[in-house]
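All remarks here apply to the structure that follows.
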Amino acid sequence: MPNGGSDCCGTCWFNRKNRGERDWPKHADSSEPDHCAIRDLAIKDPFYTYCANHPHRRPERDPIPIGPVTRHGGWKEDDPGYEYPRYVWKPSPDNEEVRQHLLSVLDSIFEHMLDDEYPIGNPLGAMVVWQLGEFRERRAVERLTELSEDRLGRLVDAANEALAKIRDSD
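Add 24 to the 1-based position in the sequence shown for my numbering, that's all there is to it.
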């Protein structure tokens with residue numbers, strides 16, 4: 025398994041090569057190139073490329089892109105002290121369908137976070153909040169404000185950062 029984690033495109037059911045299967049399919053088509061079906065993106069290094077739609081993060085097949093596509097590589101702009109550095113390779117698609125989906129996931133964020141128990145990379149909840157901040161999505165302000173006041177602190181920092189980005193765009 026790759027050092028960057030098993031939540032990679034090489035083991036994802038959205039990689040056309042894997043024919044809808046997950047977890048390193050036994051019947052992957054070696055003649056088929058690695059290609060993300062939901063992002064229409066050729067994947068050059070599938071065992072070191074990731075996104076939040078992977079089955080380890082979204083065990084219920086979620087075909088609407090969540091967040092960017094990232095790659096493993098401590099030689100990039102990541103904190104060198106981080107054991108599994110990942111950097112943004114391709115930004116998230118930005119359209120109304122993607123934004124509506126992120127807002128929908130945000131409305132029940134803690135339920136979705138329960139399904140994401142993968143220990144490496146950005147957790148699903150943080151990725152959704154971060155992406156809404158990157159989009160400067162004003163429709164998320166009320167819910168992000170609630171998250172910023174969460175006494176358990178699950179997404180407080182991520183929500184505050186997203187809110188700052190949205191408010192700075194005024």
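Note that CB positions come from ideal geometry on N, CA and C, so glycine has one too.
Through-space distance from residue j to residue i, alpha-carbon basis
| i | j | result |
| --- | --- | --- |
| Ala182 | Ala66 | 30 angstroms |
| Ser193 | Arg160 | 7 angstroms |
| Asp58 | Cys33 | 8 angstroms |
| Val93 | Glu170 | 28 angstroms |
| Glu185 | Leu148 | 16 angstroms |
| Ser172 | Val152 | 14 angstroms |
| His136 | Gly145 | 16 angstroms |
| Asp11 | Asp53 | The chain is shown only over 25 to 194; residue 11 falls outside these bounds and no answer can be derived. |
| Ile190 | Lys50 | 45 angstroms |
| Leu176 | Glu158 | 24 angstroms |
| Asp174 | Ala150 | 14 angstroms |
Exposure of residue i, with buried meaning 16 or more beta-carbon neighbours within 10 Å
| i | result |
| --- | --- |
| Ser55 | exposed |
| Phe134 | exposed |
| Ala188 | exposed |
| Ser132 | exposed |
| Lys41 | buried |
| Ala164 | buried |
| Val77 | One detail in the question is off: residue 77 reads as Asn in this sequence, not Val. Label assigned to Asn77: buried. |
| Arg95 | buried |
| Pro143 | exposed |
Reduced DSSP category for residue i - H, G, I as helix; E, B as strand; rest coil
| i | result |
| --- | --- |
| Cys33 | helix |
| Tyr74 | strand |
| Val66 | According to the sequence as given, residue 66 is Ala; it is not Val. Looking at Ala66 - three-state DSSP - the assignment turns out to be strand. |
| His59 | strand |
| Pro26 | Only weak support is given to the placement of Pro26: the predicted model assigns it a pLDDT of 48, under 50, and the question is left unresolved by the model. |
| Asn39 | strand |
| Phe159 | coil |
| His136 | helix |
| Arg82 | coil |
| Ser172 | helix |
| Arg131 | The sequence given here places Asp at residue 131; Arg does not occur at that position. Here Asp131 sits in helix by DSSP. |
| Asp194 | coil |
| Gly149 | helix |
| Asp102 | Low per-residue confidence applies at Asp102: pLDDT is 45, beneath 50, and the placement is therefore not dependable enough to give any value. |
| Arg167 | helix |
| Glu121 | helix |
| Asp181 | helix |
C-beta atoms of residue i and residue j nearer than 8 angstroms
| i | j | result |
| --- | --- | --- |
| Arg167 | Leu126 | no |
| Arg85 | Asp139 | no |
| Gly29 | Tyr74 | yes |
| Pro245 | Arg110 | In the structure displayed, the chain extends from 25 to 194; residue 245 sits before or after that span and is not available. |
Beta-bridge partners of residue i, as assigned by DSSP
| i | result |
| --- | --- |
| Thr94 | Tyr74, Val112 |
Proximity test, residue i beta-carbon vs the ligand HEM heavy atom, cut-off 7 angstroms
| i | result |
| --- | --- |
| Cys36 | Within the structure as shown, the ligand HEM is missing, as the structure has no ligands at all. |
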